[in-house]
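Undergrad: For the sequence shown, numbering that gives the first Met the number 0 gives the first residue as 0, with consecutive numbering after it.
Virtual Cβ for every residue (Gly too), placed ideally from N, Cα, C.
One structure coming up, written as structure tokens, with questions to follow.
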Amino acid sequence: MASLWPLDRTLIQEGDPYDPRYDLRTDAVMVYGVDPALPERVAAWRARGYRTHLMIGLAWGTYQDYVLGKWDGRDHWDDAQRNADGTPKLHGRDIPYITPSESYAAYLETLLRQAIAAGVEAIYLEEPEFWAATGYGAGFERAWEARYGRPYRDPAADPEAFSLAAELKRALYRELIERLCTAVYRITAALPGGPLPCYVATH
0 MASLWPLDRT LIQEGDPYDP RYDLRTDAVM VYGVDPALPE RVAAWRARGY RTHLMIGLAW
60 GTYQDYVLGK WDGRDHWDDA QRNADGTPKL HGRDIPYITP SESYAAYLET LLRQAIAAGV
120 EAIYLEEPEF WAATGYGAGF ERAWEARYGR PYRDPAADPE AFSLAAELKR ALYRELIERL
180 CTAVYRITAA LPGGPLPCYV ATH
């Protein structure tokens, strides 16, 4: 009878290259984030006997190349989740929490393709977070009008507007997760051991 337990029962998450000081001898390691050093980070952990997975942020990340326009030639501050006073909700300098959009989904898909090429064995999409106090800004207003076919309303205007904003926030991240996991399955279906599993790591 097949075991109901996954192969990887214990994992660590680590963004830095391998170092014996934090080699905890878990079953697998989730290398964090996609950068030019990812192939070397994956190879170093694998050389120590680890199964190597990828964890990547959904709501925020060191995505300045996307936010500031290096990726496609235009900045994407309009995708930032914003507070009622118009200020972006930030995780750090030039690291806004994101309102999912078509361009943002395409950007994340390019990162996942790089990770798959580097040889990771599973994908973890981390923390699809929308703040209750956000729901403002150009990106969210466009998503509202596309979803509901009517003008945007301030989520603080009344209970109905708040509920509509909350439903939109949920739907945007659900659809982003579905798109990215479907892409992972499609890209890896023909690989040995494919398709790769795609998980959502939530708070």
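Three or more beta-carbon pairs under 8 Å between the segment 6-15 and the segment 24-42, yes or no?
TA: Counting Cβ pairs under 8 Å, three or more are found: they touch.
Undergrad: From this set, R81, E159 and G56, which residue's C-alpha is nearest G32's C-alpha?
TA: Checking every option, the nearest Cα to that of G32 belongs to G56.
Undergrad: For L10, write down the residues that DSSP places opposite it in a beta bridge.
TA: The partner list for L10 (beta bridge, DSSP) reads A27.
Undergrad: Return the bridge partner residues of A79 from the DSSP annotation.
TA: The partner list for A79 (beta bridge, DSSP) reads I97.
Undergrad: Excluding the five sequence neighbours on either side, which residues of its own chain have a C-beta within less than 6 Å of the C-beta of C197, listed in chain order?
TA: The residues are I122, C180 and V183.
Undergrad: Does the Cβ-Cβ distance between P16 and A58 come in under 7 Å?
TA: No.
Undergrad: On the DSSP bridge list, what partners appear for G56?
TA: Paired residue(s): E125.
Undergrad: Can you check whether the CB of H52 is closer than 7 Å to the CB of E108?
TA: Not in contact: E108 and H52 (Cβ atoms no closer than 7 Å).
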